[in-house]
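Colleague:
Set out below in structure tokens:
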């Protein structure tokens, strides 16, 4: 066989070989394969090549992949991946990529925490304070004549003494405290106002309370705002002893200069203390008419005084054991 004939036979064999078919598939565009499939393909490089019919397979083997359980963080929501199938054909095998659940990150939100406000209680509906539980002890300490009651309401909240009546008239005081409170008044401690009214200095009331309950065992709790009028100051107070409300009273005090309002405020508190102590029996003789008449007959005297500047005269009452009057008054004779 001659050389040209051998070369022609070799070229014909190469054109019809699988290698030539593979090169023809490489030249075919992907879009043409996707749209038309591999139904019929003829090698474009050789007119003598036999048509190769490649049919799309009709049978498909569907396999269900093994489910994989993934644990998602508590703050993210995970979605269940849809079931995926793998198709087996004469084409190149497809590799199944595991499905990954993506979660949308939660947008940070800033919320301003609103403090819980207690509802305003109406005095028409009454107050919900209940008496404190009675504290019993086999051997109470000697330094405390009465058991201490907690300053908390039935819900365990601190008592608001500006509006509460917690512990009012629940338990009487001990016998020792009652003897100190109701002891007869010392007549040497009683003072007389110029208009003839008997009174006990406010420091005497505090000393009696300290002897009965101990320093720090009692206190005055304001029950409202201070009311200042053009001539006087007034405010309501409550006497609290060992965590219990004992009495309520409104104090008052006059003033003559705006700069004296702070001093009048303190006098208003002392006046309320004196009125609260009446409920405890302290210096109860000062409101007894029999005692008042007897004391005035034995311990007081009438004195005429004259104002130094205005020369006005008036009659005042003084104790017999007190001599002289305070400026701007001076003692004078009646009718002169």
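In UniProt numbering, the protein residues as written are 1 to 336. The C-beta atom is built at its ideal place from N, Cα and C for all residues, glycine as well.
1. So the alpha helix (DSSP H) residue 266 belongs to, where does it begin and stop?
2. Considering only C-alpha positions, which residue in the set 189, 227, 242 is nearest to residue 177?
3. What would DSSP say about residue 236, mapped onto helix, strand or coil?
4. Would you call the CB atoms of residue 315 and residue 329 closer than 7 Å?
5. Shortest alpha-carbon distance to residue 169 belongs to which of 186, 160, 161, 244?
6. Rounding to the nearest angstrom, what Cα-Cα distance links residue 300 and residue 203 in this structure?
7. Does the count of Cβ pairs from the stretch 199–219 and the stretch 305–325 closer than 8 Å reach three?
8. Among residues of its own chain, excluding the 5 on either side of residue 307, which ones have a beta-carbon nearer than 7 Å to its beta-carbon?
9. Run through the DSSP bridge pairs and tell me what residue 220 is partnered with.
10. Based on DSSP bridge pairs, tell me the residues matched to residue 300.
11. Apart from the five residues just before and just after residue 319, which ones in its own chain have a Cβ nearer than 7 Å to its Cβ?
12. Is there contact between the stretch 250–269 and the stretch 278–293, where contact requires at least three CB pairs shorter than 8 Å?
13. Please find out if some non-hydrogen atom of the ligand HEM comes closer than 6 Å to the beta-carbon of residue 243.
14. Indicate whether residue 264 and residue 249 have their beta-carbon atoms separated by less than 7 Å.
15. I need the DSSP call for residue 163, collapsed to helix, strand or coil.
16. Between the Cα of residue 185 and those of 322, 291, 196, 230, spot the shortest distance and give me the residue it belongs to.
17. Report the CB separation of residue 237 from residue 220 in whole angstroms; it is logged as a contact under 8 Å.
18. Considering just the uninterrupted stretch of the beta strand (DSSP E) at residue 249, what are its terminal residues?
19. What are the boundary residues of the alpha helix (DSSP H) that residue 202 is part of?
Modeller: Working from what's here:
1. Counting from one through the chain shown, the residue named residue 266 turns up at place 266. Start and end: 261–277.
2. Numbered from 1 along the chain shown, position 177 holds the residue referred to as residue 177. The option with the nearest alpha carbon to residue 177 is 242.
3. Within the chain shown, the letter at position 236 stands for residue 236. Strand at residue 236.
4. By one-based count along the chain shown, residue 315 stands at place 315. By one-based count along the chain shown, residue 329 stands at place 329. Against a cut-off of 7 Å, the Cβ pair of residue 329 and residue 315 comes out as no contact.
5. Here residue 169 refers to the residue found at position 169 when the chain shown is read from its first residue. The residue with the shortest Cα to Cα distance from residue 169 is 244.
6. For the purposes of this step, residue 300 is taken as residue 300 along the chain shown, with counting starting at 1. For the purposes of this step, residue 203 is taken as residue 203 along the chain shown, with counting starting at 1. Approximately 22 Å, taken between the alpha carbons.
7. no
8. Locating residue 307 in the chain shown gives position 307, counting from the first residue. Excluding sequence neighbours, residue 307 sits near 328, 329.
9. Numbered from its first residue, the chain shown carries residue 220 at position 220. In DSSP, residue 220 forms a bridge with 239.
10. The count along the chain shown starts at 1 and reaches residue 300 at position 300. For residue 300, which the question treats as bridged, DSSP gives the partners 319.
11. The residue you call residue 319 lines up with position 319 of the chain shown. Around residue 319: 192, 299, 300.
12. no
13. Looking at this structure, you won't find the ligand HEM or any other ligand, since it has none at all.
14. Translated into the one-based positions of the chain shown, residue 264 becomes position 264. Translated into the one-based positions of the chain shown, residue 249 becomes position 249. Not a contact, by the Cβ cut-off of 7 Å.
15. Sequence index remark: in the chain shown, residue 163 carries index 163 (1-based). Three-state result, residue 163: coil.
16. Within the chain shown, numbered from 1, the residue matching residue 185 stands at position 185. It is 291 whose Cα lies nearest to the Cα of residue 185.
17. The residue given as residue 237 occupies position 237 in the chain shown. The residue given as residue 220 occupies position 220 in the chain shown. That belief holds up - the Cβ atoms of residue 237 and residue 220 are roughly 5 Å apart, short of 8 Å.
18. Here residue 249 refers to the residue found at position 249 of the chain shown. Its beta strand (DSSP E) spans residues 244–254.
19. The count along the chain shown starts at 1 and reaches residue 202 at position 202. 202–213 is the extent of the alpha helix (DSSP H) around residue 202.
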